[in-house]
Every structure is written in C-alpha cells, then in structure tokens.
Amino acid sequence: MAQEQPGEQAPQQKQSNAKEDRHFVTALARGLDVLSCFRSGEKTLGNQELAERTRLPKSTVSRLTYTLTKLGYLDYDDHLGKYRLGTASLALGSAMLSKLDIRQYARPWMQELADYSHATVSLGMRDRLSMIYVENCRSQAALTLRLDVGARIPIAQTAMGRAYLAETSDTERNDILERVRELDELKWPSIRDGVKRALDEYDTLGCCTSFGDWQPDVNAIAVAFRPANGGAILSINCGGPAFNLTPDFLLGEVKPRLRELVDRLRRT
Numbered sequence: 009m010a011q012e013q014p015g016e017q018a019p020q021q022k023q024s025n026a027k028e029d030r031h032f033v034t035a036l037a038r039g040l041d042v043l044s045c046f047r048s049g050e051k052t053l054g055n056q057e058l059a060e061r062t063r064l065p066k067s068t069v070s071r072l073t074y075t076l077t078k079l080g081y082l083d084y085d086d087h088l089g090k091y092r093l094g095t096a097s098l099a100l101g102s103a104m105l106s107k108l109d110i111r112q113y114a115r116p117w118m119q120e121l122a123d124y125s126h127a128t129v130s131l132g133m134r135d136r137l138s139m140i141y142v143e144n145c146r147s148q149a150a151l152t153l154r155l156d157v158g159a160r161i162p163i164a165q166t167a168m169g170r171a172y173l174a175e176t177s178d179t180e181r182n183d184i185l186e187r188v189r190e191l192d193e194l195k196w197p198s199i200r201d202g203v204k205r206a207l208d209e210y211d212t213l214g215c216c217t218s219f220g221d222w223q224p225d226v227n228a229i230a231v232a233f234r235p236a237n238g239g240a241i242l243s244i245n246c247g248g249p250a251f252n253l254t255p256d257f258l259l260g261e262v263k264p265r266l267r268e269l270v271d272r273l274r275r276t
C-alpha cells in the first residue's frame, strides 16, 4: 500500500513565517522536521534521503542527525549507514498516545464497525499536511488496508483528511490548503475540486468520501468531531479495497453506523 509522499510540507513557508517570529527557534524546528521524515513502515533513512525530504542542505542534516543520535532520538546503523528512530522518540510517541483516553473508549465500537463492514476503521489526528492514525481496528477478513497506528495519509485527498477540513475553522482550512497548493501546483486544481466537493458532501451527506481519489483501488468515508472536553479535532474513517466496499454500501449501510459511533465519542 502506497504511503504518503515525502516532502509534504514546504519548508520555505515555515522559514518565512519563522523570520516574522523572534521566539521561533529555527534549529529546533529543523531537528523536529528530520524526525518527522520517518514514515510508518520505513525503518531507516540516510542523510541524503532526509535532506531531500526536509529540503535542507545535506551538511545541515548531518549536524542535526549527529545531535539527535547523541540525544537518543535517532540510532545509527553502522552496517547500513542510515538512521532509525531511537528510544527517546518512541518514548515521546508512547507518552502522547497514553494520554488519548478516547482511544480506549473508541476501540470496542470501532472494532464492531470494522467487523460489520469487513473493512478498516481508524481514528486520526492532524499532523501538518497529514492525518496520522492514533487507533486502528480491522476485521478478520483477509482483504483490508494494512495501515497501522502511526501511519500517515494526505489531508486533502483522503476521506479522513477531508472530514477534518470540513470540521475545522475557515482560517485553519484556508491555511492548510494554501500550503497544499504551494507544495504541488500541478495537482492543485484537482485537489481543490475534491476538497470543495467534500465540503458540500459534509453538509448534504453528513460525511466526506474518497472513492478512488487517494488511491484508485481504495474507497472510504469519514466523519470528524471535536471531543466534549474541547480537545483537538479527531477524524474517524471506514475504508478498504474498492471491490469490497462499494460507494452504495459505504453510504447506505456503513454511514449510519459511523455517525452513531461518532455521536457516542463526541459525548464521551
């Protein structure tokens, strides 16, 4: 299964904003950019790959990876000449997930929906121009999406991401879409049209769809919500192979159950 493409976020945009903010620590931001380059399913990356993804000079990346290795956020593989995430990075991610109590509440209901639909049901949060999975349940059926906790998917082309865009404020949505446009001017017209259609769907259907928009053989629907405690917006989707999940089935059978699940979580 294809993963999100590298270089999703335009560093130039971040740098221009940083110059306007005297409190912004550029070196820290660059170090975090290096850590964010690692994707689910990728074990190691070299300095050249990191430089391409961050759009930073290789000499700068080398200094950053050296420092991150010294601090335990990266481990260096002498045999491969590449880096993998270290235990300090793992500790940060584990601490963050442990505080998301809603994952424990959501898991039984998500699994019930996954079993009913013979699909994958995932809970996600925004991370810059991506949605990152924080909980994932799949049916026992053989044919489901193999995306696990920590996987990233693009925000503007997936049902989960589009639901987030429909739920967030106009200001945040416009900022996200402007950065998406700057990143890929060529694909922007089709991405813009897909998002516009999704916003209309959210009003008329009560969910956002992605029927082959992200990957030609994947269909999904999603609904986003803000927890009752006022926390960050979460988005929950149900998706899988197109031949197994038709639009009619997703909208007619799965959507009412997905919306009921979200209503429960919204009150939690």
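Numbering (my numbering), first residue to last: 9 to 276.
No residue lacks a Cβ here, since even glycine has one placed at the ideal position from N, Cα and C.
Name the DSSP beta bridge partners of residue i, please?
| i | result |
| --- | --- |
| Ile-244 | Leu-131 and Val-231 |
| Tyr-84 | Tyr-91 |
| Leu-100 | Looking at the DSSP assignment, Leu-100 forms no beta bridge with any residue, so it has no partner. |
| Tyr-141 | Gly-132 |
| Pro-249 | Val-226 |
| Phe-219 | Asn-227 |
| Pro-162 | Ser-138 |
| Leu-53 | Tyr-91 |
| Arg-272 | Per DSSP, none; premise fails for Arg-272. |
| Arg-146 | Thr-128 |
So residue i packs on residue j, CB below 8 Å; how close in whole Å?
| i | j | result |
| --- | --- | --- |
| Val-270 | Phe-233 | 5 Å |
| Tyr-91 | Thr-52 | 6 Å |
| Gln-165 | Trp-222 | 5 Å |
| Arg-267 | Leu-121 | About 11 Å separates the two Cβ atoms, so there is no contact after all. |
Can you name, in chain order, every residue of its own chain whose Cβ lies under 8 Å from the Cβ of residue i, other than the five neighbours on each side?
| i | result |
| --- | --- |
| Thr-77 | Asp-83, Tyr-84, Tyr-91 and Gly-94 |
| Gln-119 | Val-129 and Cys-145 |
| Ile-241 | Met-133, Arg-134, Tyr-172, Glu-175, Thr-176, Ala-232, Phe-233 and Arg-234 |
| Pro-19 | Residue placement at Pro-19 is flagged as unreliable, the pLDDT there being 45, under the threshold of 50; a coordinate-derived value is accordingly withheld. |
What does the Cβ neighbour count give for residue i, buried or exposed, with the cut at 16 atoms within 10 Å?
| i | result |
| --- | --- |
| Pro-162 | buried |
| Asp-178 | exposed |
| Glu-209 | buried |
| Leu-72 | buried |
| Asp-41 | buried |
| Arg-61 | buried |
| Ala-114 | buried |
| Ser-284 | Coverage of the chain is limited to positions 9 through 276, which leaves residue 284 absent and any answer about it impossible. |
| Asp-109 | exposed |
| Thr-276 | exposed |
| Gly-89 | exposed |
| Gly-260 | exposed |
| Leu-194 | exposed |
Can we count residue i as close to the ligand SAH, meaning its CB is less than 7 Å from some heavy atom?
| i | result |
| --- | --- |
| Arg-265 | Looking at this structure, you won't find the ligand SAH or any other ligand, since it has none at all. |
Please return the same chain residues whose Cβ sits closer than 6 Å to the Cβ of residue i, not counting the five positions on each side in sequence.
| i | result |
| --- | --- |
| Asp-135 | none |
| Glu-186 | none |
| Arg-274 | Phe-233 |
| Asp-123 | Ser-147 |
| Ser-24 | Annotation note: pLDDT 48 at Ser-24 (below 50); position unreliable, no value reported. |
| Leu-58 | Val-42, Cys-45 and Val-69 |
| Ser-198 | none |
Excluding the five sequence neighbours on either side, which residues of its own chain have a C-beta within less than 7 Å of the C-beta of residue i, listed in chain order?
| i | result |
| --- | --- |
| Val-157 | Tyr-141, Val-142, Glu-143 and Asn-144 |
| Lys-22 | A caution first: Lys-22 carries a pLDDT of 47, below 50, which makes its placement in the model unreliable, though a value can still be read off. The answer, listed in chain order, is Ala-37. |
| Asn-55 | Lys-66, Val-69, Ser-70 and Thr-73 |
| Asp-192 | none |
| Asn-182 | none |
Taking 8 Å as the threshold (beta carbon to beta carbon), is residue i in contact with chain D?
| i | result |
| --- | --- |
| Asn-55 | In summary, chain D is missing from the structure at hand, where a single protein chain is found. |
Taking 8 Å as the cut-off, does the segment 246-254 touch the segment 218-230 (at least 3 CB pairs, one atom from each stretch)?
yes
Inspect the CB distances between the segment 206-220 and the segment 167-175 and report whether three or more fall short of 8 Å.
yes
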